[in-house]
Every structure is written in C-alpha cells, then in structure tokens.
Amino acid sequence: MTITTQSSFVTNCITSYNPGRHITIDEQLFPSKTRCCFLQYIATKPDKFGIKFWVACDLKSKYICNVLPYLGKDPSRPSGERLSENVVMRLMEPFLDKGRNVTTDNFFTSLSLAQQLLRRKTTILGTVNKIRQEIPQSSRQRDCNELYNATKCSVDVMDQMVREYTVRTGTWRWPVAVFYNMIDTAALDAHVLYQACTGRKERRVDFLVELARELANSHVTAKKA
C-alpha cells in the first residue's frame, strides 16, 4: 500500500509541474525514531534521527519535482555504479534533455556523473570532494561560487517550509512516517500549483486551512451519502 501510494504521489509531482532551468538535489531527513532497518542518523541535521529521502527541488518555487526514499541497499542498482550517480540520474530522468542545470553537493558531484548529464543536455554545478582526483583543476572554477551559493539551498528551504506546517505526530510505524512526509510535501506542492494556475498570491497558512476544510467537507459528504 505504501509503495503504491508513494509511486502515485511521485508520478503526480512529475507530471503536474514544469520546473525552471535550475533544479537542486539533496537529502531530506524526516524526523522519526520508528523501528526500521533504514533509519538514518545525520549529526548535521536539527533532528538527528529519521527517514531519509533524496529530493529534486525547483529553485524558484521550491516545488518538489521528484523524490526517492532511501531504503538501504538497492539490489536493482547496477554493480559498480555509485549510489550518488544512480540517485541523481533517477531523480533527473523526467527533466533531462531540456538544457537544465542541476546543483549538488560534494556527495554527488563526480566527473562520470557530469559526463552522463552532459550527454543528456544537462549541466551540473557542485562542490568537489578532494578525494575525487579525476576532476581536473581546470573544471574547478571559483567564479561559480556565487551561482552555487544561490542555487544550493532549495531542498533545505523546502524542508524548513514543510516543517513549519506539518501533520507529523508520534508514531513507531515507518509507513505512517513516510505517509506524513508525503502529506506535508504534497501540501507545499499544492500551494505552488495553486498560485501558478490562478496567478493569486495567497499566504500558505490560509491556503492550507482552506485545503483542510475542503478535504474534510468532501469526506463528511461522502460518509453521509
């Protein structure tokens, strides 16, 4: 049930919005201490424990374009392929061949990934881990710092926005935690789509109140029928 729902949600995210030129890919940690084998501990996050998601986010609107939950080792990943490259190519697949740029941090950035993306008419901007000596010094351009700083934080900003108004409550069941995150991100995407379709600028809190009211009324009407 959870996999089917998540798959439908991701499909709707991809097909409902045309992102701009810049997309940011990063990790999102949904706070949770559920008992599951893929629970993550990330010391740099405000909430240290949680379920990790890989997220592709539109720079301007903070719309969640695509998302992958991290469920541990993926048996379908080709042998020898880096996890970081597999994640970026899967998240970007619906948005390739359109001249876009993807911004990543040093966990993802590599020469082989840049070459794969370039073959699909997509550029990459990211910091470089010093241990990856395959990237020539000529490709390490300091004059890109300003653009990188302007495009690197989309996922972090999106995460702050969804945490501001969340349906999350305490649970020990990981499928419920995944569902909570799905609802939070869907609500943010719905607000972006509403403004894009109507041209109206409405406070997100007001939009969410009205959305909750309409969903509740629909449920009550269905029960009475």
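If you read the sequence shown in our numbering, its first letter stands for residue 448, the second for the next number, and so on.
From the three backbone atoms N, C-alpha and C, an ideal C-beta is built for every residue, glycine too.
**Report entry** Buried/exposed call for Thr668, threshold 16 Cβ in 10 Å
**Finding:** So Thr668 counts as exposed.
**Report entry** Entirely enclosed alpha helix (DSSP H) segments - the region 595-660, minimum 4 residues
**Finding:** For secondary structure counted as the alpha helix (DSSP H) over 4 or more consecutive residues, the region 595-660 holds these complete runs in sequence order: 601-611 and 621-645.
Query raised in the report: Would a C-beta distance cut-off of 8 Å place Asn513 and Leu476 closer than the cut-off?
Result: No, these two residues do not count as a Cβ contact at 8 Å.
Query - the region 473-488 in contact with the region 559-574 per 3-pair CB rule at 8 Å - result: Inter-segment contact for the region 473-488 and the region 559-574 is absent: fewer than three beta-carbon pairs are separated by less than 8 Å.
Query raised in the report: Under three-state DSSP, which class holds Asn553?
Result: In this structure, Asn553 counts as coil in the three-state DSSP scheme.
Requested in this report: List the endpoints of the continuous alpha helix (DSSP H) containing Glu532.
Outcome: It spans Leu530 to Met539 - the alpha helix (DSSP H) in which Glu532 sits, taken as one unbroken run.
Report task. Could you tell me which of Arg660, Lys499 and Asn548 sits nearest to Ile470, measuring between CA atoms? Result -> Out of Arg660, Lys499 and Asn548, Asn548 has the C-alpha closest to the C-alpha of Ile470.
**Report entry** Met448 in three-state terms, based on DSSP
**Finding:** Bear in mind that the predicted position of Met448 carries a pLDDT of just 49, short of 50, making it too unreliable to give a figure here.
Query - Asn465 - DSSP class collapsed to helix/strand/coil - result: Correct three-state label for Asn465: coil.
Requested in this report: Measure the C-alpha to C-alpha separation of Met448 and Leu640 and round it to an integer number of angstroms.
Outcome: With a pLDDT of 49 at Met448, under the threshold of 50, the modelled position of this residue cannot be trusted, and the question is left open.
Query - Collapsed DSSP secondary structure at Asn576 in the structure displayed - result: Annotated three-state conformation of Asn576 is coil, per DSSP.
Report task. Would you identify the three-state DSSP class for Cys675, choosing helix, strand or coil? Result -> No statement about residue 675 is possible, as the shown extent of the chain runs from 448 to 672 and does not include it.
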